[in-house]
Every structure is written in structure tokens, then in C-alpha cells.
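Numbering (the UniProt record's numbering), first residue to last: 1 to 284. Don't be surprised by glycine CBs; every beta carbon is placed ideally from N, CA and C. Here is the structure we will look at, set down as C-alpha cells.
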Amino acid sequence: MDNFKIIQLADLHLSPHHDDKDQQTYTLIDHMIRYYQPDLIIMTGDQIWSEGIVHSDETYKRLVEYINQYDVKVATTFGNHDTEGRFSRGDIREIEKGFQNYVEKKHSLIVDDKEAYTIEIEMDGELSHVIYIIDGGDYCPHHIGEYSYIHPQHVNWMRELRETVYKDVAHHNLMFTHIALQEYEAIRDVEHEDFRGIFEDELGYAKLNSGMFTQLLINGDVEGVFVGHDHCNDFMIDYHGIKLGYGRISGYNAYGDLNRGAREITLRKDKPFETKVLEFDGAL
């Protein structure tokens, strides 16, 4: 294997009604998998609507059953809308055991029902990349701002992994989470010609900063961070040597006028990642 292709699906927002907009979302997923042939799809949260929905688990089970028709590896984290109903993140993780091709989670750590884990990518018979998947939670339990933060134990988890297990892994690793880090605010100081993509939405990050970006700088091995949540953003900036990027919203049952799509990220051994936004024309 000389490259490894990832498709990020952001904010699918599947509803319990299985309506025409949901069908458009499933058609988009089908196109992204069949046409682009990824090695891995990563769903970065808000896979479903759950607030006020009694059986939101059925919506998630339908997604699992749909993805199972494809021969592609799957990874997930959760957003603020996945567990607003009766079901916890732990409940959804139980449902996800139904995925036939879920990735092998390495070094999983669950804190306050939020899971962080890694995915190890091998090329030429050796570990070439580490992908960090971190659940940043939903809403702030301390009522400071609206959204939750990456738990300090997960920040420390990343430090410990870098100092031990992954101390010799190259510097082209990635991190995926649902909600942007505070440091995405740097976009406001960047001239338009100096960033790639679209910036049309508010930055809905946690008001409490648990220090994840600082830890990324200290570790020195993560080259890019990718999030969802803010549907009208798909920009990517370079902030102190780390690319901070959004996916492209993939779900039709949600706000925002951007053409639906996905983000493609290609990894190569000992080289920086390459990425682009993929737009979907439903007429295809």
C-alpha cells in the first residue's frame, strides 16, 4: 500500500422519519464510497437527530445496516445531537458493535461516557500513521458556554501515548473530533487569500479550553485536525504548523446552504497529507 484514503462524513443528521432528505443523504454516502473507493470512512458526529425522539436507536441501527453493505472500514465519534434523547453514548457504542467492518480501536479510554481511541495505519509492513479519534462531548456540564470540551484526561492520554507507544511514529498523524478547538478562532486573523475553503458560520467551540491544542504542539506529531458541527464552514488554515480544518456537511436534514459532500484525505508514507472537499451532485 502506497497511500491510504479517508472520507470524512460530517453531520449526517439522519432523522427517524426516513424521509426524502434522509434518502438523499444515503445516496450521497453510496456515491462517496462507490466512486472514491476510500480505505476508511470517518463519521465525525451528529450522525442522527435524537432530541425528543423516543426510538432514536432505530435511526442509528438503520445507518449501521446501510453501511454494512459496503466493504469499507468505518470509524466514528459523536456530536452534540447524537445523544439528546433516551440513549447514551454507551448505548450507541453497543449498537455500533453491529458494524461488520468497524476499525480496530487501539488504546481506548472512556471518560464520562466519552471515548478516545486511535487507529493505526500500516504501510510497507510498518506503522506509518496514527489517527486519534476523540469524543469532545455534547453540552458543557458546568454551564460555561454551550458546548462541552475535550476532557483533560483525554489530553493527558494523548501526551502519554506520544511519550510511550507512539514516540517513534512519523509526524504526519491526524486527529478527528466533532467540535472545533478554540484555536480555530485564528481564522479571523487570516487574510482570505491565505486560507482554503468557506467560512460562513459561527465557530461553535467550547468556552472552556482544556489545552488540547497546546498538547498537540508539544507532541509534534499531529499534522491536521478535522471537525464538523458548523455546517457552513469547510475551511482549512495553518496555525503554528498544524492544519485546522472542517469537513463538508454531508447530511441534507440540517441547516446550511452549502452543497452537500465530504472531505477526502490521502495519507502517504513519510509525506504530508493531501486533502480536498468533494461536492455531491444528487443528479449523478
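Contact check for residue 133 and residue 176: beta-carbon distance about 5 angstroms, within the 8 angstroms limit, so the pair qualifies.
Apart from sequence neighbours up to five positions away, the residues of its chain that approach residue 255 with a beta-carbon distance below 7 angstroms are 231, ordered along the chain.
Cβ contact annotation for residue 38 (same chain, cutoff 7 angstroms, sequence separation greater than five): 5, 6, 7, 72, in chain order. Take residue 91, set aside five residues on each side of it, and the residues of its chain with a beta-carbon closer than 7 angstroms to its own are 57, in chain order.
For residue 152, the closest C-alpha among the options 35, 105, 112 is that of 112. Taking a contact as a CB-CB distance under 8 angstroms, the pair residue 119 and residue 128 does not count as one, their CB atoms being some 12 angstroms apart. The stretch 106–181 is shown to contain whole beta strand (DSSP E) runs of 3 or more residues at 106–111, 114–123, 126–134, 173–176, in chain order. Within 10 angstroms of the beta-carbon of residue 164 lie fewer than 16 other beta-carbons, which makes it exposed.
CA-CA distance, residue 14 to residue 208, rounds to 29 angstroms.
Residue 61 and residue 125 have their C-alpha atoms roughly 35 angstroms apart. A straight line joining the alpha-carbon of residue 54 with that of residue 169 spans about 45 angstroms. In the structure shown, residue 96 falls within a helical segment according to DSSP collapsed to helix, strand and coil. Between residue 245 and residue 228, the CB-CB gap reaches or exceeds 8 angstroms. Residue 5 is bridged by DSSP to 266. Of the candidates 186, 33, 249, 249 places its Cα closest to the Cα of residue 12. Taking C-alpha positions only, residue 279 is separated from residue 142 by approximately 38 angstroms. Leaving aside the five residues that flank residue 196 on each side, the residues in its chain whose CB is nearer than 6 angstroms to its CB run, in chain order, 236. Residue 93 and residue 64 have their alpha carbons spaced roughly 11 angstroms apart.
Going by C-alpha positions, residue 139 is about 26 angstroms away from residue 242.
Counting the other Cβ atoms within 10 Å of the Cβ of residue 239 gives 16 or more, which makes it buried. Under DSSP, residue 33 forms no beta bridge with any residue.
Counting other Cβ atoms within 10 Å of its Cβ, residue 97 stays below 16 and is therefore classed as exposed.
Residue 75 is bridged by DSSP to 42. Under a 10 Å Cβ-count criterion, residue 136 is classified as buried, with 16 or more other Cβ atoms of the shown protein chains found around its own Cβ. Of the residues assessed, residue 33 falls on the buried side of the cut-off, its CB having 16 or more other CB atoms within 10 angstroms. Rounded to whole angstroms, the separation of the alpha carbons of residue 258 and residue 145 is 27 angstroms. Residue 25 sits in a helix when the DSSP states are folded into three classes. Residue 226 is a Cβ neighbour of residue 174, given a cutoff of 8 angstroms.
Rounded to the nearest whole angstrom, the C-alpha separation of residue 264 and residue 277 is 6 angstroms. Assignment of beta-bridge partners to residue 48 by DSSP yields 14.
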